Every structure is written in C-alpha cells, then in structure tokens.
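Q:
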Amino acid sequence: MPPITAITRASQISATTKASLSSISVSSSTSSTPSTSLPSSSSTVTYTSGLPLPTYSLTQANRGANFFETDYWNFWSDASDPTHGTVTYVNQSTAYSLDLIGVNSNNQAFIRASQQDLDLGVYRPSVRFGSFPAYDSALVIIDVAKMPVGCATWPAIWSVMGSEWPEYGEIDFMEGIGYTSMGENANLMSVHMNDTSYLTSSNDSYLGTMSNSNCMTNYGLGNTGCDFYDSNVNGPSWGVPFNNAGGGIWAALWGNKMGVRIWFWGRESGLIPSELSDPTSSPAKLDPSKWGKPMADFQSSVINQKLRQQNLVLGITINGDWAGNVPMDNTQQCGTNRTIALATGSNYADAEFVLNGIDVYT
Numbered sequence: 003m004p005p006i007t008a009i010t011r012a013s014q015i016s017a018t019t020k021a022s023l024s025s026i027s028v029s030s031s032t033s034s035t036p037s038t039s040l041p042s043s044s045s046t047v048t049y050t051s052g053l054p055l056p057t058y059s060l061t062q063a064n065r066g067a068n069f070f071e072t073d074y075w076n077f078w079s080d081a082s083d084p085t086h087g088t089v090t091y092v093n094q095s096t097a098y099s100l101d102l103i104g105v106n107s108n109n110q111a112f113i114r115a116s117q118q119d120l121d122l123g124v125y126r127p128s129v130r131f132g133s134f135p136a137y138d139s140a141l142v143i144i145d146v147a148k149m150p151v152g153c154a155t156w157p158a159i160w161s162v163m164g165s166e167w168p169e170y171g172e173i174d175f176m177e178g179i180g181y182t183s184m185g186e187n188a189n190l191m192s193v194h195m196n197d198t199s200y201l202t203s204s205n206d207s208y209l210g211t212m213s214n215s216n217c218m219t220n221y222g223l224g225n226t227g228c229d230f231y232d233s234n235v236n237g238p239s240w241g242v243p244f245n246n247a248g249g250g251i252w253a254a255l256w257g258n259k260m261g262v263r264i265w266f267w268g269r270e271s272g273l274i275p276s277e278l279s280d281p282t283s284s285p286a287k288l289d290p291s292k293w294g295k296p297m298a299d300f301q302s303s304v305i306n307q308k309l310r311q312q313n314l315v316l317g318i319t320i321n322g323d324w325a326g327n328v329p330m331d332n333t334q335q336c337g338t339n340r341t342i343a344l345a346t347g348s349n350y351a352d353a354e355f356v357l358n359g360i361d362v363y364t
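Numbering-wise, the sequence shown is residues 3 to 364 according to the working numbering.
And the structure:
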C-alpha cells in the first residue's frame with residue numbers, strides 16, 4: 003500500500019471542514035442508549051477482544067416502500083456541502099420531485115445524484131441524510147445492491163456524533179471515490195477519535211489490510227485516523243466490480259467495550275450468513291459470533307471509552323476535498339476538465355445507491 007498523503011483519501015481534510023461534515027442537524031433527534039449488559043460466556047463464542055458477542059434484536063428496519071416513509075431520516079437542509087463538493091444538497095420533498103430518492107419496481111430504495119445535463123458551473127443536485135436516533139451500541143446491517151460510481155463521485159455511509167467531533171468518534175463503513183477509488187478497487191473503513199489511540203487488534207483477527215493504526219484525528223499534526231482496506235477475499239467491495247457482482251452486505255458493530263468491527267460479504271461470494279441472505283427480510287435477532295473474522299477489527303481502549311451517540315449518515319458528493327484533489331480515474335469517460343464532466347448528465351447515470359435495506363439492531 004503506498005503512503006497516504008493529504009490528498010489520497012476522504013478523511014484527510016481540514017479539521018474545520020471535518021467538524022462541519024459531522025454536524026448534520028440532529029437537534030430534534032431521539033437517543034437510543036441500549037443496555038450494556040452482556041450474556042454469559044457459555045451462551046456465545048468468545049472473540050479476540052476477550053468479551054462475548056451478545057445477540058442483537060431488531061429495533062429499526064429501513065426497507066422497501068417504508069424506507070423513506072418513517073421519521074427515521076433527517077435530510078441535510080443546507081444546500082452546500084461541508085466537504086466542498088460541487089453538489090447542491092436538496093431536502094426530502096425536492097429529492098422526491100427530482101427523482102433523486104424513491105423505491106424501484108424491485109422494492110429497493112434508491113438514492114442518486116441528478117442525471118440531468120447542467121449549464122457549466124452549476125452544481126449537481128444530490129442527497130445527504132442522517133438518522134434522528136443515535137446509538138451508543140448497535141449492530142447495523144447495510145445491504146447494498148448498487149453503489150454510486152461516476153466522474154469524481156464520493157459516496158459514503160458512515161456514523162458520527164454531530165457535535166464535538168472527533169471527541170466521541172466517527173465510523174466510516176463504506177467510502178471511496180470515482181470508478182476505482184484511486185485504483186484500489188477496495189472499500190475503505192475508518193475510525194476517527196480525538197486522542198492518541200493505537201489499535202491493539204491482533205493480526206489474525208481481521209481479513210482486511212490495515213493502512214493506519216492510530217485512530218487519533220488531528221489534520222494539523224498529520225493524524226488522519228485508523229483504517230483498513232477491504233482485501234476483497236469475500237467478493238469485490240468497491241466500484242464497477244462490486245456493482246457487476248450484484249453488490250454485497252456490510253455488518254458494523256460497536257459498543258459494549260468491544261471496539262468496532264465491520265464485516266463484508268459479496269452477493270455472489272456464497273459467504274453471506276444464511277440469516278442475512280434474503281434481501282427482502284429483516285431477521286428479528288442476529289448473533290454475530292457465528293460470522294467469523296470481520297474485514298476490519300478496530301480495538302482500542304479509547305474507542306471503548308469514548309465512542310458514543312452515533313448517528314447513521316449516507317451521502318453522495320462530487321469532487322470536494324478528496325475526489326476533487328486527485329485525477330479523475332476514468333478519463334476516457336470523464337475527460338480531464340472537471341467543469342465539463344460535472345455538467346454532463348450521462349457521466350452520472352450510475353451515481354446512485356440501490357439499497358435492499360439498512361437495519362439497526364441493539
């Protein structure tokens with residue numbers, strides 16, 4: 003893996019920008035603070051942290067026709083992008099009217115950037131939203147049939163506490179740019195904390211490739227958080243290969259002094275746990291102790307002590323502090339002029355999420 007520089011990944015933006023990024027409005031949110039009690043070790047498999055993984059119960063199913071019809075999601079109402087992308091974020095009603103969100107004939111939710119041709123210099127309409135509830139501890143299942151790709155696109159699904167970033171942490175479940183994410187063709191998973199926080203994860207506790215081991219995030223000091231790249235051993239995890247293989251499922255777990263763990267299984271890998279294999283259903287209970295090694299295993303005392311009140315967030319931006327500072331990775335399609343690329347609607351025909359669901363267990 004080449005050394006990471008200030009322009010080679012999404013999280014490496016100014017502290018001021020990142021704080022603004024994390025401040026999605028959640029002032030009217032309700033808080034979910036699950037019990038931290040754990041089952042006895044006799045009822046579960048003990049994992050690498052030395053603590054048993056509890057069984058989790060479904061508390062929120064975001065699927066199909068109901069995906070946007072509850073009061074769960076809070077749409078970003080400020081048109082500007084805090085990561086300085088060349089998009090205009092629209093509210094929920096405008097997103098419906100522009101066909102940027104909805105449910106398709108397969109009962110899958112879609113979230114997309116506009117595919118219309120624009121005048122030169124006009125920012126492309128797009129969508130960003132977060133959950134009203136916040137979670138100290140949760141298991142989140144993110145079932146993605148298609149992820150956004152396009153000229154300098156920067157999609158992400160993450161969680162964050164909206165105030166005092168990064169004191170109480172951020173988890174990036176899925177993040178990358180363009181068509182190939184700078185040639186990596188692999189998903190980037192990250193954790194950001196405020197204090198020096200070196201990972202203590204054992205080398206045999208994860209399947210991915212650790213890129214940075216210090217979760218401290220202070221851009222002025224060159225600290226950008228801890229992260230893993232997906233190894234793609236469970237199927238392609240990013241971009242066109244991911245979409246061509248039918249997508250995949252992420253499972254993210256945090257809280258209860260068990261660090262942060264992120265699993266990934268490709269749709270066609272044959273490795274998806276049986277209880278998650280039906281893209282139309284949300285099991286009542288899940289037991290992650292049966293799932294084997296995660297793709298990323300973030301273990302540190304700082305994470306266990308401070309990570310809390312995480313709001314789920316999903317968004318699609320274009321260019322910005324990461325994708326706008328590296329060459330576009332499909333010049334045959336995009337050319338080299340960002341203004342012209344942005345104005346051409348056909349460049350964003352595939353800049354969309356198609357989701358079977360996002361379910362939350364606590």
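The beta carbon of each residue, even a glycine, is placed where N, CA and C say it ideally should be.
Computed from a prediction, not measured in an experiment: that's the story for all the values here.
(1) Taking the straight line between their C-alpha atoms, what separation do you get for P135 and S284?
(2) Among all the DSSP beta bridges, which residues are the ones paired with A158?
(3) Could you say which of D101, S183, M218, P157 lies nearest to S302 if we only look at CA atoms?
(4) Of the choices S192, S133, D323, N349, whose alpha-carbon is the least far from that of A63?
(5) For the stretch 178-258, which segments carrying the beta strand (DSSP E) assignment without a break, of at least 3 residues, lie completely within its bounds, in sequence order?
(6) May I ask you to check if the CB of V193 is nearer than 7 Å to at least one heavy atom of the ligand NAP?
(7) For the beta strand (DSSP E) that contains Q62, what are its first and last residues?
(8) Once the 5 residues before and after W156 are set aside, which same chain residues still bring their CB inside 7 Å of it?
(9) Where are the beta strand (DSSP E) runs, 3 residues long or more, that stay fully inside the stretch 79-149, in chain order?
(10) For I342, which three-state DSSP category applies?
(11) DSSP puts Q312 in a beta bridge; with which residues?
(12) Out of D80, L190, I173, V124, point me to the one whose CA is closest to Q311's CA.
(13) List the residues that DSSP assigns as beta-bridge partners of E172.
(14) Using the beta-carbon count (16 or more within 10 Å), is N349 buried or exposed?
(15) So, does the stretch 204-222 touch the stretch 356-363, judging by three or more C-beta pairs under 8 Å?
(16) For the stretch 291-306 and the stretch 251-262, state whether three or more C-beta atom pairs, one from each stretch, are separated by less than 8 Å.
(17) Would you list the one or two residues that DSSP bridges to V373?
(18) Give the range of the alpha helix (DSSP H) segment to which A325 is assigned.
(19) For S267, tell me which candidate among M260, S279, G261 has the shortest Cα-Cα distance.
(20) Can you have a look at L316 and say buried or exposed, based on whether 16 or more other CB atoms are within 10 angstroms of its CB?
(21) Suppose you measure from the CA of N225 to the CA of N109; what does that come to, to the nearest Å?
(22) Could you tell me whether the stretch 116-124 touches the stretch 283-297, using the rule of 3 or more Cβ pairs below 8 Å?
(23) DSSP three-state label for V328, please.
(24) Would you kindly work out how many angstroms separate the C-alpha atoms of R340 and P127, rounded to a whole number?
(25) Can you tell me whether I113 is buried or exposed, with buried defined as 16 or more other CB within 10 angstroms of its CB?
(26) Would you check if there are 3 or more beta carbon pairs closer than 8 Å linking the stretch 179-188 to the stretch 160-169?
(27) Along the chain, where does the alpha helix (DSSP H) that runs through Q335 open and close?
(28) Among all the DSSP beta bridges, which residues are the ones paired with G268?
(29) Please classify Y350: does DSSP put it in a helix, a strand, or coil?
(30) How far does the beta strand (DSSP E) with W75 in it extend, from its first residue to its last?
(31) In chain order, what residues of the same chain lie with their CB nearer than 8 Å to the CB of A81, ignoring the 5 residues before and after it?
(32) Beta-carbon separation of V328 and K148 under 8 Å?
A: For this structure:
(1) As a working mapping, residue 135 is identified with position 133 in the sequence shown. As a working mapping, residue 284 is identified with position 282 in the sequence shown. Distance between the alpha carbons of P135 and S284 is about 19 Å.
(2) Numbered from 1 along the sequence shown, position 156 holds the residue referred to as residue 158. Per DSSP, E177, G317.
(3) Stepping through the sequence shown from its first residue, residue 302 is reached at position 300. Closest by alpha carbon: M218.
(4) Counted from its first residue, the sequence shown places residue 63 at position 61. The residue with the shortest Cα to Cα distance from A63 is S133.
(5) 190-194, 211-214, 228-231, 250-256
(6) The ligand NAP is absent from the structure shown, which contains no ligands of any kind.
(7) Numbered from 1 along the sequence shown, position 60 holds the residue referred to as residue 62. Note, Q62: beta strand (DSSP E), 58-65.
(8) Here residue 156 is taken as the residue at index 154 of the sequence shown, counted from 1. Hits under 7 Å: A12, G87, I179, T319, I320, G322, W324, A325.
(9) 89-91, 103-105, 111-114, 126-128, 130-133, 140-148
(10) The count along the sequence shown starts at 1 and reaches residue 342 at position 340. In this structure, I342 counts as helix in the three-state DSSP scheme.
(11) On the sequence shown, residue 312 is found 310 positions in, with the first residue counted as 1. Looking at the DSSP assignment, Q312 forms a beta bridge with Y137.
(12) The residue labelled residue 311 in the question sits at position 309 within the sequence shown. The residue with the shortest Cα to Cα distance from Q311 is I173.
(13) Locating residue 172 in the sequence shown gives position 170, counting from the first residue. For E172, which the question treats as bridged, DSSP gives the partners V162, H194.
(14) On the sequence shown, residue 349 is found 347 positions in, with the first residue counted as 1. When all chains shown are included, N349 counts as buried.
(15) Short answer: they don't touch.
(16) Contact between the stretch 291-306 and the stretch 251-262 is present, with at least three C-beta pairs closer than 8 Å.
(17) Summary: the structure shown does not reach residue 373, with the chain confined to residues 3 through 364, and so no result is reported for it.
(18) Here residue 325 refers to the residue found at position 323 of the sequence shown. First-last of the alpha helix (DSSP H) with A325: 322-325.
(19) Indexing the sequence shown from 1 puts residue 267 at position 265. The identity of residue 267 in the sequence shown is Trp, whereas the question assumes Ser. Closest by alpha carbon: S279.
(20) Numbered from 1 along the sequence shown, position 314 holds the residue referred to as residue 316. Buried: at least 16 other Cβ atoms inside 10 Å.
(21) The residue labelled residue 225 in the question sits at position 223 within the sequence shown. The residue labelled residue 109 in the question sits at position 107 within the sequence shown. Taken atom to atom, the span from the alpha-carbon of N225 to that of N109 is near 42 Å.
(22) Output reads no: the stretch 283-297 does not touch the stretch 116-124.
(23) Working through the sequence shown from its first residue, we reach residue 328 at position 326. V328 carries a coil assignment under DSSP once its states are collapsed to helix, strand and coil.
(24) Within the sequence shown, residue 340 is the residue found at index 338, counting from 1. Within the sequence shown, residue 127 is the residue found at index 125, counting from 1. Roughly 16 Å separates the two Cα atoms.
(25) To locate residue 113, count along the sequence shown from 1; it is residue 111. Buried, because 16 or more other Cβ atoms sit within 10 Å of the Cβ of I113.
(26) no
(27) To locate residue 335, count along the sequence shown from 1; it is residue 333. 333-336 is the span of the alpha helix (DSSP H), which, as asked, contains Q335.
(28) Counted from its first residue, the sequence shown places residue 268 at position 266. Answer is G250.
(29) For the purposes of this step, residue 350 is identified with residue 348 of the sequence shown, where counting begins at 1. Three-state DSSP puts Y350 in a helix.
(30) For the purposes of this step, residue 75 is identified with residue 73 of the sequence shown, where counting begins at 1. It spans 75-77 - the beta strand (DSSP E) in which W75 sits, taken as one unbroken run.
(31) Translated into the one-based positions of the sequence shown, residue 81 becomes position 79. Correct list, in chain order: T90, Y91, V92.
(32) As a position in the sequence shown, residue 328 is number 326, starting the count at 1. As a position in the sequence shown, residue 148 is number 146, starting the count at 1. Contact: no.
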